[in-house]
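Before any comments, here is the structure.
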Amino acid sequence: MSGVEDKGWNLDELAEARLDSRTIYEGRILRLRVDEIRLPDGRTRSREVVGHPRAVVVLAENSGGEILMVNQFRYPAGEVMLELPAGVVEQGECCAAAAERELREETGWKPGKITKILEFYTSPGFCDEVLEMYYADDLSWDKLPEDEDEFIVSRFLSREDARRYAETGLIKDAKSLLGIYWWLHEFDGK
28 MSGVEDKGWN LDELAEARLD SRTIYEGRIL RLRVDEIRLP DGRTRSREVV GHPRAVVVLA
88 ENSGGEILMV NQFRYPAGEV MLELPAGVVE QGECCAAAAE RELREETGWK PGKITKILEF
148 YTSPGFCDEV LEMYYADDLS WDKLPEDEDE FIVSRFLSRE DARRYAETGL IKDAKSLLGI
208 YWWLHEFDGK
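The numbering of the sequence shown is my numbering, which starts it at 28 and goes up by one.
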């Protein structure tokens, strides 16, 4: 640890303190700010932070033991990605309700049961986005209108295909890989 002595794993001593913050850009779903911070050793530095609202991702399983995935073009990646359904939590909306809404908007399937399984940062080195992952089952058809700027094709994947797609790099999206590996581990052999 450069400049910080290990004093018996007192992790509070690693905290950086924000001294100042200025917003560089504010868009529809993200904000870029530059924070001036104090390092644990007293020096100061700048940190660039992408601010993003809380979001949800849904691992939905049908009665045949297949998971629901979506294909969607992702402009920053420049390709069509295979992902678990996901989206931003709207202001005043609880995360479980957002997960159900996103699943219905993107795929048309409504969960009979939805359970939070994980909460994680997507990339804490530069982004404050937190994702909550939900497991959904007992699916029934009940489509909500799609977002006008999303063009999505949904499909179910078998356990074997999900494993193969994850292991061979056909699925590149981190939240989807995390969900698939959780699912394969949690329900292995069932």
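C-beta: ideal position from N, C-alpha, C; glycine also.
Subject >> Beta-carbon gap between Ile64 and Arg74 smaller than 8 Å >> reply: yes
**OP:** For Ile94, write down the residues that DSSP places opposite it in a beta bridge.
**Re:** Glu88 and Leu184
Original post:
Which term fits Cys122, buried or exposed, when burial requires 16 or more other beta carbons within 10 angstroms of its beta carbon?
Top reply: buried
Original post:
Is it true that the CB of Tyr161 sits closer than 8 Å to the CB of Ile141?
Top reply: yes
Subject >> Glu43 (DSSP reduced to helix, strand or coil) >> reply: coil
Subject >> Backbone CA spacing between Val85 and Glu175 [nearest angstrom] >> reply: 21 Å
Original post:
How many angstroms separate the CA atom of Met28 from the CA atom of Asp39?
Top reply: The predicted position of Met28 is uncertain, since its pLDDT is 49 and thus under 50; a value taken from the coordinates is nonetheless stated next. Cα-Cα distance, rounded: 14 Å.
Original post:
How is Gly206 classed by DSSP in three states: helix, strand or coil?
Top reply: helix
Original post:
At a cut of 8 Å, does the segment 127-138 reach the segment 94-106 through at least three beta carbon pairs?
Top reply: The segment 127-138 is in contact with the segment 94-106.
**OP:** Give the secondary structure of Ala104 by DSSP, where H, G and I count as helix, E and B as strand, and everything else as coil.
**Re:** In the displayed model, Ala104 falls within coil according to three-state DSSP, outside both helix and strand.
Subject >> Uninterrupted beta strand (DSSP E) stretches inside the segment 101-155 (no shorter than 3 residues) >> reply: Contiguous beta strand (DSSP E) elements confined to the segment 101-155 occur at 106-110, 113-115 and 140-148, taking only those with 3 or more residues.
**OP:** State the Cα-Cα distance for the pair Trp168 and Ala126, rounded to the nearest angstrom.
**Re:** 15 Å
Subject >> Alpha-carbon to alpha-carbon, Leu166 and Gly105 >> reply: So the alpha carbons of these two residues sit roughly 32 Å apart.
Original post:
Assuming Glu286 contacts Pro103 under a Cβ cut-off of 8 Å, what Cβ separation, rounded to an integer in Å, is found between them?
Top reply: Beyond the ends of the chain as shown, which are 28 and 217, falls residue 286; an answer cannot be given.
Original post:
Using DSSP with H/G/I as helix, E/B as strand and the rest coil, what is Lys199?
Top reply: coil
Original post:
Does DSSP classify Arg81 as helix, strand or coil?
Top reply: coil
Original post:
Who are the near neighbours of Trp210 in its chain, counting only those whose CB is closer than 6 Å to its CB and skipping five residues on each side?
Top reply: Leu86
Subject >> Strand pairing of Ile179, partner residues [DSSP] >> reply: Gln99
**OP:** Mark Asp215 as exposed unless 16 or more other C-beta atoms lie within 10 angstroms of its C-beta, in which case mark it buried.
**Re:** exposed
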